[in-house]
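Colleague: Before I ask anything, here is the structure I am working with.
There are 2 protein chains.
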Amino acid sequence: MSTPAEARAAFRGGAVVPTSGLALGHTQANLISLPRDYAYDMLLFAQRNPKPCPVLEVTEPGSWESALAAGADLRTDLPAYRVWEHGKLVDSPGEVTHEWRDDLVTFLIGCSFSFETLLLDARVPLRHVEQGVNVPMYLTNRECGRAGRMHGPLVVSMRPVPADAVARASAITALMPAVHGAPVHVGAPEALGITDLDKPDFGDAVRFEDGDVPVFWACGVTSQAAVMRAAPPFAITHEPGHMFITDARDIDYRVA
Amino acid sequence: MSTPAEARAAFRGGAVVPTSGLALGHTQANLISLPRDYAYDMLLFAQRNPKPCPVLEVTEPGSWESALAAGADLRTDLPAYRVWEHGKLVDSPGEVTHEWRDDLVTFLIGCSFSFETLLLDARVPLRHVEQGVNVPMYLTNRECGRAGRMHGPLVVSMRPVPADAVARASAITALMPAVHGAPVHVGAPEALGITDLDKPDFGDAVRFEDGDVPVFWACGVTSQAAVMRAAPPFAITHEPGHMFITDARDIDYRVA
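Shown next, in the form of structure tokens:
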């Protein structure tokens, strides 16, 4: 799974793994598909919350093609999906061909996995990759800006970063606002309303090394939390940490 | 007019001047107000064309208030407006209180005036400010990404920059993607389809000093060009170069 096309083919064939560390250097994306009637509210929610919800692409209604990945099928080429009805999770299938609808507008939203290659290049270790687990994600006590019917809490991803690498990790990711940009919070998880780092709301717990500090980035799963809260009649999302791997290169999203 | 509130009050009182160089350090914005029926197409057009159309704020339908400017009235607090019907300019009034409609959604779009303070701080001269004219803007031969009914050419602003300051100007503006970011083009205006720099499509011609190179940034007037092309039944925009001056600080839009 060293190229995006190989990874997508593997997922289409049934493989189910978190995508962090796969097809390094290529941009990964959150997926959220909503009925056309909700598309304006979702796009406005993203505009009002650009740190968690930087939009990389919006499809035409019903389309399962992406301009960011030649030949890809958005219904089958992610490792795992979630199907939602009225804000409740009703299924967690490996593909959503049968669930697809003609009125679904799909939003691809930037993912922090897209800056992990640059972090590694700068000798910032990635504990979740070292330990072979999914990145931990947490619901916070920070409310996002509301847009029509879409509202919900900020979700963050967390990476333990050695104290002497926090500034470097911040500076590098700041240059990539389309994939969440700089951390929103460093240290002090309790100030975000996170009481136990070992119990993430999405993904897996990750082990800290001595001297690591928890660093929090805004997370695209924020859009999924808004689906849980806003409860549209129907929605499809990716399984957190199991992203759409595009052909775009991370470097394309660096502003400098 | 050294503070945003003073400038807005002066415009409300009838003053009409280009806003480059006013209330330095504060963020300026393009304005485009469209019927609610066009709001999704406009927001999607902005998403698909983030260099010319970085969205700073979207109002609720009918509202003339801005979260970016306490006490401001979007109908009166810009120096000059344009009123459009079916893509044709029908009026150029100083305020639009009577033209306002309950279904108008207003988009405030980033403006390159917002990085001019940082350019001056870095000793990049601004010829249009020195010469007391509006910045020149040009229609180009580059087509924007289409979104529903909204489509049109890329519009650029142009600043003559001393050859030894071009790299510095590029690096500084790259850090401010919300106000157009790095130049889209340096030198070679003919490659953009611009045949005569002395005849801008919007704003004023500006005089080059010896050794100056034309540097082109994506421009929010692109949204106005899309109105001319897409011809919605009704629209209100600002007069190019005559922007909405917000209370936000330019520095707030720097990513690093």
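Going down the list, the protein sequences come from chains S and V. So for the first sequence, my numbering puts the first residue at 204; every next one is plus one. So for the second sequence, my numbering puts the first residue at 204; every next one is plus one. Even glycine gets a Cβ: it sits at the ideal position worked out from N, Cα and C. This one's a predicted model, so the numbers in the text were calculated from it and none came from an experiment.
For E333 of chain S, count the other beta carbons within 10 Å of its own beta carbon; 16 or more makes it buried, fewer makes it exposed. Which is it?
Modeller: Within the first sequence, numbered from 1, the residue matching residue 333 of chain S stands at position 130. Exposed, since its Cβ has fewer than 16 Cβ neighbours within 10 Å.
Colleague: Got a sec: is the Cβ-Cβ distance from A372 of chain V to anything in chain S below 8 Å?
Modeller: Against the second sequence, residue 372 of chain V aligns to sequence position 169. No, because no Cβ of chain S sits closer than 8 Å to the Cβ of A372 of chain V.
Colleague: Please report the residue range of the beta strand (DSSP E) in which I397 of chain S lies.
Modeller: Locating residue 397 of chain S in the first sequence gives position 194, where the first residue counts as 1. That residue, I397 of chain S, is in no beta strand (DSSP E); it is neither H nor E in DSSP.
Colleague: When you check each C-beta in the region 409-442 of chain S against every C-beta of chain V, which residues fall closer than 9 Å?
Modeller: none
Colleague: Going by C-alpha to C-alpha distance, which of S:A208, S:T206, S:R239 sits closest to G351 of chain V?
Modeller: Position 148 of the second sequence holds residue 351 of chain V. Minimum Cα distance to G351 of chain V is reached at S:R239.
Colleague: Taking the beta strand (DSSP E) that H229 of chain S falls in, what are its first and last residues?
Modeller: For the purposes of this step, residue 229 of chain S is identified with residue 26 of the first sequence, where counting begins at 1. Run containing H229 of chain S: 229-238, per the beta strand (DSSP E) assignment.
Colleague: Interface residues of chain V around P238 of chain S at Cβ under 8 Å?
Modeller: Locating residue 238 of chain S in the first sequence gives position 35, where the first residue counts as 1. Within chain V, no residue has its beta carbon less than 8 Å from that of P238 of chain S; the closest one is some 13 Å off.
Colleague: Spatial neighbours of I375 of chain S within its chain, please: C-beta separation below 8 Å, excluding the five flanking residues on both sides.
Modeller: Translated into the one-based positions of the first sequence, residue 375 of chain S becomes position 172. These residues qualify, in order along the chain: F318, L321, L322, A325, V327.
Colleague: Output, in sequence order along the chain, the residues in the region 229-257 of chain V whose CB is closer than 7 Å to any CB in chain S.
Modeller: A242, Y243, L246, L247, Q250
Colleague: Would a check of beta-carbon distances place G384 of chain V closer than 8 Å to chain S?
Modeller: The residue given as residue 384 of chain V occupies position 181 in the second sequence. Taking Cβ atoms only, chain S reaches closer than 8 Å to G384 of chain V, which makes this a yes.
Colleague: Quick one, are the C-beta atoms of S236 of chain S and A438 of chain S less than 8 Å apart?
Modeller: Taking the first residue of the first sequence as position 1, residue 236 of chain S is located at position 33. Taking the first residue of the first sequence as position 1, residue 438 of chain S is located at position 235. Yes. Within cutoff.
Colleague: In three-state terms, what does DSSP make of S411 of chain S?
Modeller: Here residue 411 of chain S refers to the residue found at position 208 when the first sequence is read from its first residue. Note that residue 411 of chain S corresponds to Phe in the displayed sequence, not to Ser. The answer is coil: DSSP assigns F411 of chain S none of H, G, I, E or B.
Colleague: Let me check one thing: in DSSP terms, what residues is D294 of chain S bridge-paired to?
Modeller: Here residue 294 of chain S refers to the residue found at position 91 when the first sequence is read from its first residue. D294 of chain S pairs with S:V286.
Colleague: Within this structure, are the beta carbons of A421 of chain V and V369 of chain V separated by less than 8 Å?
Modeller: In the second sequence, counting from the first residue as 1, residue 421 of chain V sits at position 218. In the second sequence, counting from the first residue as 1, residue 369 of chain V sits at position 166. Cβ atoms of A421 of chain V and V369 of chain V: not closer than 8 Å.
Colleague: Using a Cβ cut-off of 9 Å, pull out every chain S residue sitting near V458 of chain V, in sequence order please.
Modeller: The sequence position of residue 458 of chain V within the second sequence is 255, counting from 1. Within chain S, the residues near V458 of chain V are A377, L378, M379, P380, G384, A385, V458, A459.
Colleague: Compare the C-beta of V369 of chain V with all C-beta atoms of chain S and state if any pair is closer than 8 Å.
Modeller: By 1-based counting over the second sequence, the position of residue 369 of chain V is 166. Taking Cβ atoms only, chain S never reaches closer than 8 Å to V369 of chain V, which makes this a no.
Colleague: Taking DSSP's pairing of strands, which residues face L307 of chain V in a bridge?
Modeller: Position 104 of the second sequence, counted from the start, is the residue given in the question as residue 307 of chain V. Note: L307 of chain V sits in a beta bridge opposite V:P238.
Colleague: Is V389 of chain S close to chain V, meaning its C-beta is less than 8 Å from at least one C-beta of that chain?
Modeller: If you number the first sequence from 1, residue 389 of chain S lands on position 186. Judged by the 8 Å Cβ criterion, V389 of chain S is not in contact with chain V.
Colleague: What are the boundary residues of the alpha helix (DSSP H) that includes S426 of chain V?
Modeller: Residue numbering aside, residue 426 of chain V sits at position 223 when the second sequence is read from its first letter. Residues 425-433.
Colleague: Report yes if the C-beta distance between A394 of chain V and G384 of chain V is below 8 Å; otherwise report no.
Modeller: As a first step, residue 394 of chain V is located in the second sequence; it is residue number 191 there, counting from the start. As a first step, residue 384 of chain V is located in the second sequence; it is residue number 181 there, counting from the start. The answer is no: Cβ separation not under 8 Å.
Colleague: List the whole-angstrom C-beta distance separating C314 of chain V from A232 of chain V, where the pair is believed to meet the contact cut-off of C-beta under 8 Å.
Modeller: For the purposes of this step, residue 314 of chain V is taken as residue 111 along the second sequence, with counting starting at 1. For the purposes of this step, residue 232 of chain V is taken as residue 29 along the second sequence, with counting starting at 1. That pair is a contact at about 6 Å.
Colleague: Give the interface partners of V261 of chain V over in chain S, defined as CB-CB distance under 7 Å, in chain order.
Modeller: Taking the first residue of the second sequence as position 1, residue 261 of chain V is located at position 58. Simply L247, Q250.
Colleague: Taking only the alpha-carbon atoms, compute the straight-line gap between T222 of chain S and H441 of chain S and give it to the nearest angstrom.
Modeller: If you number the first sequence from 1, residue 222 of chain S lands on position 19. If you number the first sequence from 1, residue 441 of chain S lands on position 238. The straight-line gap from Cα to Cα measures roughly 11 Å.
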